Amino acid sequence: MQPSNLLEQYPILGICGRSGVGKTTLIEALIPQLRSLGLRVAVVKDGAHRVQADAPGKDSDRFFQAGADVALFGEQHFVRSRQPNELAAFLVTLSTTYDAVLVEGHATTAVPKIWLSGSDNVEAPLDNQGRILALLNQQQATVAYCFNLLQKLLAEKWQATPVWGCVLIGGKSSRMGQPKHLLQQDGKTWLERAVVKLQAKVQQVAISGSGFIPESLASLPRIPDAPNLAGPLAGILAVMRWQPSVSWLVTACDLPDVQPESLAWLLEQRKLGRRAILPQLASDRPLEPLLAWYDFRCRPLLENLAASGSLRLNRLAQQDGICSLLPPAHLHHSWRNVNTPEELSR
């Protein structure tokens, strides 16, 4: 599927209309309203041409004039590029990081949009693309009305994001002495039990990692770990790269006491602006990333973690959009990890 066909899935809103109808003023007023909800906001403006974003004669400008695309990184970041204008793909990329993307102009881009008709009630041109949510004259296009409309659109997109399940298997299981996902309980392997629990809560279940699996699960997607990585990060990144527009309810195969109520609790904690729900059983305990929920917008954080050389998912703590919530006490044993025969016997 091409990026242009994907635009309807993402939280993108166009603000369109002819010059002088107040597009910029409206967007400028909407941004702090969205930020007050804790949302990350990006704006794409139409008509950029010969943008002067660097000082002539500076090192970075000399690199650009010599023919290279240039990235400036510091307290602020900027990329100056001559790459062909692939707006649809760019909007999809922004939507994997931001909770709301506002597009000024671009009437022929197939995104939902508000059309500002101005004081003379000019109709939208027939060659516009995408759903027109509202055609508003100067009196109707209030910040309050447009903010309410935008909130409804964002909620609609958020609820439409598919939720899939991932069971992490693999690892040497050296302390247990055998693959933990193949341990038996009530006539079923731990892996089979985990799959059944997830299937009741999500649209699709995938198995991430290597190792033998029971014949009963042969029809499920098997996703190999992300290359050059190890541990749970390799498995979670693998499924997120495989399905980049899906949110994931993740569990490890060595959590035998996972309750359906724990999965339901995690899903209930999803809210607009949250990238991941990583439970914390007590204030002095680490986060629990192996029975957790990850939105697809968490992927850039995981990619940064992988690029840094760290495999520790707990390093996501304190990052924007990562929520460390306390589960109800009666659900805490869902996060009990079993690693040794002694723990298993208990």
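Using my numbering, you'd call the opening residue of the sequence shown number 326 and step up by one each time. C-beta atoms are modelled at their ideal positions from N, C-alpha and C, and glycine is treated no differently. Bear in mind that the values here come from a model prediction, so they are computed numbers and not experimental data.
Residue nearest to I538 within the set V564, K526, L474 and V520 is V520 (criterion: CA-CA distance).
DSSP, read as helix, strand or coil, puts K526 in coil.
Counting C-beta pairs closer than 8 Å gives fewer than three between the stretch 632–642 and the stretch 459–476, which falls short of the contact rule.
For R387, the enclosing alpha helix (DSSP H) has its first and last residue at D384 to Q390. Residue environment analysis places P437 among the buried positions, since at least 16 neighbouring C-beta atoms fall within 10 angstroms of its C-beta.
Our two residues, W590 and P652, have alpha carbons roughly 8 Å apart in a direct line.
When secondary structure is reduced to three states using DSSP, Y335 falls in the coil class, being assigned neither helix nor strand. By the neighbour-count definition (other C-beta atoms within 10 Å, threshold 16), K505 is a buried residue.
If you draw a straight line from the Cα of S385 to the Cα of P581, it is about 55 Å long. When rounded, the separation of the alpha-carbon atoms in A414 and Y335 is 12 Å.
Across the set R518, S499 and P552, the C-alpha of S499 shows the shortest separation from the C-alpha of P666. Excluding its 5 nearest sequence neighbours in each direction, P625 has C-beta neighbours in its own chain below 8 Å: T421 and T422, listed in chain order. Residues of the same chain with a CB within less than 6 Å of the CB of G490, apart from the 5 flanking positions on each side, are L523, V527, V530 and L574 in chain order. Bounds of the alpha helix (DSSP H) holding E353 are K348 to R360. According to DSSP, R547 shares a beta bridge with I532.
Between the alpha carbons of E353 and L478 lies a distance of about 18 Å.
Excluding sequence positions up to five before and after N639, its CB lies within less than 6 Å of the CB of P611 and L612, all in the same chain and listed in chain order. By the Cβ-count criterion, D445 is exposed, with fewer than 16 other Cβ atoms from all chains shown falling within 10 Å of its own Cβ. In the three-state reduction of the DSSP assignment, S541 falls in the helix class, which pools H, G and I. Only residues of its own chain outside the window of five on either side were considered, and among them T421, F621 and R624 have a CB closer than 8 Å to the CB of P569, listed in chain order. Sixteen is the threshold: when 16 or more other Cβ atoms of the shown chains lie within 10 Å of the Cβ of L475, as they do, the residue is buried.
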